[in-house]
Amino acid sequence: MSTPFRLGGTDPGAGDVPLSEYPEWALRVLTGLYGADAVDAETRRQERRTMVPARTDDVSASATCLELEAITQLARAVEGWFGRRRRQ
Numbered sequence: 001m002s003t004p005f006r007l008g009g010t011d012p013g014a015g016d017v018p019l020s021e022y023p024e025w026a027l028r029v030l031t032g033l034y035g036a037d038a039v040d041a042e043t044r045r046q047e048r049r050t051m052v053p054a055r056t057d058d059v060s061a062s063a064t065c066l067e068l069e070a071i072t073q074l075a076r077a078v079e080g081w082f083g084r085r086r087r088q
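Below you can see the structure in the form of structure tokens.
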């Protein structure tokens, strides 16, 4: 499907409405224009994009582990920054 479904004005991101929120008559019009397969595929793509990943309660990380991981990532970033600066 090469033509994006947009309801906004000149701003390309404004007014985007997921196809799942379109009224039934609008979906019938789009189906007539683009075909049922294209509209169904676009609807599924939008649902996958907005779907929230399921949490698994089997794996849990404590707050301390998360803080240590954040500190480690920060230390690596600072180390990389100073390493690049020394090389210049």
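Residue numbers (the UniProt record's numbering): 1 to 88. No residue lacks a Cβ here, since even glycine has one placed at the ideal position from N, Cα and C. If you're wondering where the values come from, they're calculated on a predicted model, not measured in any experiment.
Can you list, in chain order, the residues of its chain whose CB lies under 6 Å from that of residue i, leaving out five sequence neighbours each side?
i: R76; result: none
i: R49; result: none
From residue i to residue j, what does the alpha carbon distance come to, in whole angstroms?
i: G32; j: W25; result: 11 Å
i: E79; j: L66; result: 20 Å
In this structure, how does DSSP classify residue i when only helix, strand and coil are distinguished?
i: Y22; result: coil
i: residue 89; result: The first residue shown for the chain is 1 and the last is 88, placing residue 89 beyond what the model contains.
i: R61; result: Note on residue identity: the sequence assigns Ala, not Arg, to residue 61. If DSSP states are grouped into helix, strand and coil, A61 belongs with coil.
i: Q46; result: helix
For residue i, which residues of its own chain have a beta-carbon under 7 Å away from its beta-carbon, when the five flanking residues on both sides are left out?
i: P23; result: none
Within the same chain, show all residues whose beta-carbon is closer than 8 Å to that of residue i, passing over the 5 residues directly before and after it, in chain order.
i: L19; result: F5, L27, L30, V39, E42, T43, Q46
Any beta carbon from chain D within less than 8 Å of residue i's own beta carbon?
i: V39; result: Checking the listed chains, one finds no chain D in this structure; it contains a single protein chain.
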